[in-house]
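Protein sequences, first through last, are from chains A and B.
Position one of the first sequence corresponds to residue 1 (UniProt numbering), numbered consecutively onward.
Position one of the second sequence corresponds to residue 1 (UniProt numbering), numbered consecutively onward.
Written below as structure tokens is the structure these notes are about.
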Amino acid sequence: MDRNRLQHQAASMRRSLFDQGYLDEPFIQLEELQDDASPNFVQEIVTLFYTDSARLIQNIEHALNSRPIDFDKLDDYMHRFKGSSSSIGAKKVMNECTVFREYCSAENAEGCFRSFQQVKQDHAILRRKLEVYLQMVRQAAVSQTT
Amino acid sequence: MAVNGAVTWLRRAEEIDGYDLSASDSEEVHVLAVDDSLVDRKVIERLLKITSCKVTAVDSGRRALQFLGLDEEKEANGFDGLKVDLIITDYCMPGMTGYELLKKVKESSAFREIPVVIMSSENVIARIDRCLEEGAEDFIVKPVKLSDVKRIIDYMTTDFREGEERRRGINKRKLRD
Chain A
1 MDRNRLQHQA ASMRRSLFDQ GYLDEPFIQL EELQDDASPN FVQEIVTLFY
51 TDSARLIQNI EHALNSRPID FDKLDDYMHR FKGSSSSIGA KKVMNECTVF
101 REYCSAENAE GCFRSFQQVK QDHAILRRKL EVYLQMVRQA AVSQTT
Chain B
1 MAVNGAVTWL RRAEEIDGYD LSASDSEEVH VLAVDDSLVD RKVIERLLKI
51 TSCKVTAVDS GRRALQFLGL DEEKEANGFD GLKVDLIITD YCMPGMTGYE
101 LLKKVKESSA FREIPVVIMS SENVIARIDR CLEEGAEDFI VKPVKLSDVK
151 RIIDYMTTDF REGEERRRGI NKRKLRD
């Protein structure tokens with residue numbers, strides 16, 4: 001496909017990620033940190049984020065399924081999850097983490113469960129969208145202008 | 001000695017009384033970055049490299065102390081000559097917090113002159129005050145931006161250079177008397 005068209009599609013997808021509130025300012029900063037010396041920086045960070053957060057999600061699942069629930073531990077995991085989400089500009093995920101932490105400090109297990117489902121959902125959706133977006137960017141980069 | 005860039009002071013520093021700095025082979029500012037988050041470590045590393053710093057990134061306060069050679073249980077292992085010019089550390093870390101690391105650095109006669117900057121995702125005034133009172137140079141709220149890093153590096157190198165120039169100015173006057 002024509003490079004211009006691919007670039008246009010990628011830009012469009014990128015815009016919608018921001019418009020829909022999935023991504024925020026820190027993601028732009030990551031893009032600005034990418035250059036010829038570090039051409040895959042954004043992809044590297046995104047991959048790191050998903051590796052790291054997959055582990056945290058497992059830990060949180062485990063903690064939520066333990067009896068009694070250790071809310072301090074849960075909060076600690078979620079604090080880290082929120083931190084890395086914030087660093088990549090994953091706005092929706094980050095906001096949902098905040099909601100979770102509120103339920104956590106209130107020791108509201110039911111609230112924690114519900115909000116964690118939302119965190120996982122937003123996290124998965126963002127992952128898919130980022131995969132598609134970054135794929136488009138790569139394709140545009142290697143394609144030619146016809 | 002014609003040296004480009006903002007880091008002339010690194011070479012001059014060994015001539016200044018009271019500073020027991022070993023000669024640095026590199027003109028680059030060497031930063032020790034401490035953060036338990038994988039993502040944040042990678043980002044801070046990139047931010048510092050873009051600002052032309054040499055970076056050593058570690059994942060805990062304990063490792064930071066080992067690198068400096070301050071860990072009681074382990075000897076510094078082969079990191080001689082890599083003088084640290086700045087420590088930038090996360091506040092919330094398991095084991096040793098950034099605050100505890102700050103205290104240990106400021107308590108050490110060998111390393112207390114190294115500026116320490118604290119990063120935190122939480123903008124808590126009491127926390128900021130505590131860190132500044134303990135001798136932290138600056139406090140950055142996460143997510144860290146390039147402008148934050150640039151500001152700190154500029155401030156560090158300018159401050160040192162101005163101090164050095166003042167001292168040279170005083171020496172010149174003495175010679176004339």
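Where a beta carbon is used, it is the ideal one built from N, C-alpha and C, also for glycine.
With 7 Å as the threshold, decide whether the Cβ of residue i is near any Cβ in chain A.
i: SER120/B; result: no
i: VAL39/B; result: yes
i: VAL43/B; result: yes
Name the chain B residues whose beta carbon is nearer than 9 Å to that of residue i?
i: SER38/A; result: ARG46, LYS49 and ILE50
i: ARG101/A; result: Simply none; closest approach about 11 Å.
Taking residue i as the query, report the chain A residues whose CB atoms sit under 7 Å from its CB, ordered along the chain.
i: LEU101/B; result: Under the 7 Å cutoff, chain A gives no residues; its nearest Cβ is about 18 Å from LEU101/B.
i: PRO143/B; result: PRO26, SER86 and SER87
Which word fits residue i, buried or exposed, when buried means at least 16 other C-beta atoms lie within 10 angstroms of its C-beta?
i: HIS123/A; result: buried
i: VAL155/B; result: A small fix is needed here, since residue 155/B is Tyr in this sequence, not Val. Classification for TYR155/B: exposed.
i: GLN135/A; result: exposed
i: LEU132/B; result: exposed
i: MET119/B; result: buried
i: PRO39/A; result: exposed
i: ALA42/B; result: As written in the sequence, residue 42/B is Lys, which differs from the Ala given in the question. Looking at its Cβ environment, which holds 16 or more other Cβ atoms inside 10 Å, LYS42/B is buried.
i: LEU10/B; result: Caution is warranted here: a pLDDT of 44 is assigned to LEU10/B, below 50, making its placement in the model unreliable, and the coordinate value is therefore given only provisionally. It counts as buried.
i: ALA54/A; result: exposed
i: GLU75/B; result: Residue confidence is low: GLU75/B scores 49 on pLDDT, short of 50, so the model does not pin down where it sits. Its coordinate-derived value is still stated next. Its Cβ having fewer than 16 others within 10 Å, GLU75/B is exposed.
i: GLN144/A; result: exposed
i: VAL142/A; result: exposed
Three-state secondary structure (DSSP) at residue i?
i: ALA90/A; result: strand
i: LEU33/A; result: coil
Does residue i get closer than 7 Å to chain B when you measure Cβ to Cβ?
i: GLY83/A; result: yes
i: LEU74/A; result: no
i: ASP122/A; result: no
i: ASP52/A; result: yes
In chain B, which residues lie with their C-beta within 8 Å of the C-beta of residue i?
i: GLU32/A; result: LEU146
i: LEU48/A; result: LEU38, VAL39 and LYS42
i: ILE45/A; result: VAL39, LYS42 and VAL43
i: PHE41/A; result: ARG46
Name the chain B residues whose beta carbon is nearer than 7 Å to that of residue i?
i: GLN29/A; result: LYS145 and LEU146
i: PHE18/A; result: Here the premise fails: no neighbours, minimum Cβ distance about 16 Å.
For residue i, which residues in chain A fall below 9 Å Cβ to Cβ?
i: CYS131/B; result: Per Cβ cutoff of 9 Å: no residues; CYS131/B is ~18 Å from chain A at best.
Name the chain A residues that come within less than 8 Å of residue i, Cβ to Cβ?
i: CYS53/B; result: Residues of chain A passing the Cβ test: none, with the nearest at roughly 14 Å.
Curious, which full-length beta strand (DSSP E) runs of at least 3 residues does the UniProt domain "Response regulatory" (30-157) of chain B contain? 53-58, 86-90, 116-120 and 138-141
What are the uninterrupted segments assigned as alpha helix (DSSP H) that are 4 or more residues long and contained completely in the stretch 63-123 of chain A, given in chain order? 71-88 and 91-105
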